[in-house]
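What follows is a set of notes on a single structure, which appears directly below.
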Amino acid sequence: MSPLPSGKGMYFEEFQIGQKITTAARTITEGDIVTFAGLSGDYNQIHTDAEFSKSTPFGQRIAHGLLGLSIASGLAMRTGMLEGTVLAFREITEWKFSKPVFIGDTIHVVITVLETKAVPRLGGGSITIALEVKNQRDETVMKGTWAALVASQPTS
Numbered sequence: 000m001s002p003l004p005s006g007k008g009m010y011f012e013e014f015q016i017g018q019k020i021t022t023a024a025r026t027i028t029e030g031d032i033v034t035f036a037g038l039s040g041d042y043n044q045i046h047t048d049a050e051f052s053k054s055t056p057f058g059q060r061i062a063h064g065l066l067g068l069s070i071a072s073g074l075a076m077r078t079g080m081l082e083g084t085v086l087a088f089r090e091i092t093e094w095k096f097s098k099p100v101f102i103g104d105t106i107h108v109v110i111t112v113l114e115t116k117a118v119p120r121l122g123g124g125s126i127t128i129a130l131e132v133k134n135q136r137d138e139t140v141m142k143g144t145w146a147a148l149v150a151s152q153p154t155s
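The numbers in numbering that gives the first Met the number 0 rise by one with no breaks, and the one at position 128 of the sequence shown is 127.
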């Protein structure tokens, strides 16, 4: 399954174990890195100093890992799957940064539903999803799992 039609998000009951959703892609820019450095206060030279970065094993500036994670979150939201139905973002687990993300890389996310658990007292349920962030060469650059509370479908 690829991006969902725009409109409402998915209700808890609509998530199926094994279901896959692929996000749109987004290219990482120098502006993204500079903006994130300013927002986070992380001006580490590996991200902000082109000359210094030439001497690192990467040979160039790399995006902040947390910038990649934040963009992955935005790409997941752009699918619309949680639009108006997410009650709370609960947890990130087992997150791993596997490869660097460079200026000019284009990333997308493959989301797979791993688990669903009804939580009627909260009016919905918990979903656990695996996220695999891939670059333009289809290499996994980061991955992990997230849990969120999602509203149940309203009864008529």
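Where is the CB? At the ideal position from N, CA and C, for every residue including glycine.
request  = Please say whether Ile-91 and Val-112 have beta carbons closer to each other than 8 Å?
outcome  = For Val-112 and Ile-91, no; Cβs fall outside 8 Å.
request  = Give every residue of the same chain whose Cβ lies closer than 8 Å to the Cβ of Phe-57, excluding the five residues on either side of it in the sequence, and list them in chain order.
outcome  = Answer for Phe-57: Ile-45, Pro-99, Phe-101, listed in chain order.
key: Lys-116 beta carbon less than 8 Å from that of Gly-124   = Yes. Within cutoff.
query = Between which two residues does the alpha helix (DSSP H) containing Thr-65 stretch?
reply = Note that residue 65 is Leu in the sequence shown here, rather than Thr. Residues 64–77.
task = Would you mind working out which of Ser-52, Ile-32, Glu-50 sits nearest Leu-68, comparing C-alpha positions?
result = When Ser-52, Ile-32, Glu-50 are compared, the shortest CA-CA separation from Leu-68 is found for Ile-32.
query = What does a CB cutoff of less than 6 Å around Glu-114 pick up in its chain, not counting 5 residues either side in sequence?
reply = A distance below 6 Å between beta-carbons, with the five flanking residues on each side excluded, links Glu-114 to the following residues of its chain, in chain order: Thr-127.
inquiry  = Here's the rule: buried if 16 or more other CB atoms are within 10 angstroms of the residue's CB, otherwise exposed. What is Ser-1?
reply    = Confidence at Ser-1 is low in this model, with a pLDDT of 45, below 50, so its placement is unreliable and the value that follows should be read with caution. Ser-1 should be labelled exposed.
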